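In the UniProt record's numbering, the protein residues as written are 1 to 390.
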């Protein structure tokens, strides 16, 4: 009996518990990518001459750069920029600075000061123009930073007196793309005023280069003014006289850009009165612009002819819409008063005759003629309808 109880006690207190074996997690190795900036630094240090350095830069330009590496790469490029004596290598570095500033996810505000400082001791005009282009890229990437834009505008104004046309072109382009438009002119503003602040300064500075000795700079000045218009700034009416004088410029690029400028101003100030040259009479600005642009259709340059034709063809569509609106408004009057009907019909005829005259030299002459005949038939039909209701 005692032996049985002893055996029972052992059975109750001698249970075996198995603990599951936990496998140890394997250690993971993280392979770090080689630094782009370090690799570029090593390559540039290995270069024994400017040709090798330029070759390394060309190879580097073909490789993608991660966002987190962009700032480090730019620092390395700036370091070698100050050490480099060859203009072609510095030119390529300046180009790469602009290219890297466009990297998605990278904010170039951290390199603005360094990019501006590179202009200080630069003697090469070509490199200086490329650096200004880089500043234009940086400014375009920072639309919400008016302080940066103001600094870049000051830099552009400082270098507008450069003797190289390429530098002046880039400065004007920078003014057109980055000029502040936060304080636009009011609807009735025709010229500079003290209330327009920075907007007044930009337009005044750009218009001064309409008379530059280099035609490429004159063209760049007009395009910069058009860029301001596209960005929402109302151009001064006093620019119209300057634009009209540029229609007789010796160079086709200037005349072509001037056609666009005249058309823009005709849309901004259509009812303004301007004097007719060599006459005591006056005419609406929009009518004066129509006449000048239609005259450019017979220009000796095909480039100018095409630009004038495009502008007038666009105006043709606007005129058609305006005349259709006039027609719809005049219909009720036709059915009420004969005198009013005759006057309205005569006005439509005069407008269509003017339309046919303006488009007499265009490829779209048939379109204008058909439109003229159609409106003329409508006018005559209304006159007959009014007479039969007497």
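Note that beta-carbon positions come from the ideal geometry of N, C-alpha and C, so glycine has one too.
Given the structure is predicted, the values throughout are model-derived calculations rather than measurements.
Asked	Found
Just how far apart, CA to CA, sit residue 80 and residue 171?	26 Å
Which residues bound the alpha helix (DSSP H) around residue 154?	146 to 158
From residue 237 to residue 278, what does the alpha carbon distance come to, in whole angstroms?	21 Å
Please work out which residues of its chain come closer than 6 Å, Cβ to Cβ, to residue 145, disregarding the five sequence neighbours upstream and downstream, and give them in chain order.	none
Please state whether DSSP places residue 235 in a helix, a strand or coil.	coil
For residue 162, collect the residues of the same chain with a Cβ closer than 8 Å to its Cβ; drop the 5 residues on either side in sequence, then sort them by chain order.	125, 128, 168, 171
Are residue 282 and residue 273 closer than 8 Å when you measure CB to CB?	yes
Buried or exposed for residue 67, please, with buried defined as at least 16 other CB atoms from any protein chain shown within 10 angstroms of its CB.	exposed
Quick one: is residue 234 buried, meaning 16 or more other Cβ sit within 10 Å of its Cβ, or exposed?	buried
Quick one: Cα of residue 268 to Cα of residue 258, how far?	15 Å
Of the choices 90, 174, 69, whose alpha-carbon is the least far from that of residue 56?	90
Got a sec? Which residues, its chain only, sit under 7 Å from residue 74 by beta carbon, not counting five neighbours each side?	97, 100, 111
What first and last residue would you give for the alpha helix (DSSP H) that runs through residue 93?	87 to 101
Is residue 112 helix, strand or coil when you go by DSSP?	helix
Let me confirm a value: residue 103 is counted as buried when at least 16 other C-beta atoms fall within 10 Å, else exposed. Which label applies?	buried
Thinking just about the alpha-carbon of each residue, which of 247, 254, 64 is nearest to the one in residue 215?	254
Inspect the beta-carbon positions of residue 175 and residue 205 and report whether they are closer than 8 Å.	yes
Along the chain, which unbroken stretches of the alpha helix (DSSP H) at least 4 residues long are found entirely within the region 229 to 290?	239 to 246, 252 to 268
Could you compute how far the alpha carbon of residue 155 sits from the alpha carbon of residue 123?	16 Å
How would you label residue 147, buried or exposed, when you count the other beta carbons within 10 angstroms and need 16 or more for buried?	exposed
Within 10 angstroms of the Cβ of residue 391, are there 16 or more other Cβ atoms? Answer buried if so, exposed if not.	Lying outside 1 to 390, the shown extent of the chain, residue 391 is not represented and no answer is given.
Can you find the residues in the same chain that come closer than 8 Å, C-beta to C-beta, to residue 271, ignoring five residues on each side of it along the sequence?	284, 285, 286
In this structure, how does DSSP classify residue 73 when only helix, strand and coil are distinguished?	helix
Helix, strand or coil: which one does DSSP assign to residue 306?	helix
CA-CA distance, residue 231 and residue 63?	35 Å
For residue 301, name the three-state secondary structure that DSSP assigns.	coil
By how many angstroms is the C-alpha of residue 247 removed from the C-alpha of residue 302?	14 Å
Where does residue 79 fall in DSSP's three states?	helix
Is it right to say residue 245 is buried, meaning 16 or more other beta carbons lie within 10 angstroms of its own, or is it exposed?	exposed
Can residue 94 and residue 119 be called in contact, C-beta distance under 8 Å?	no
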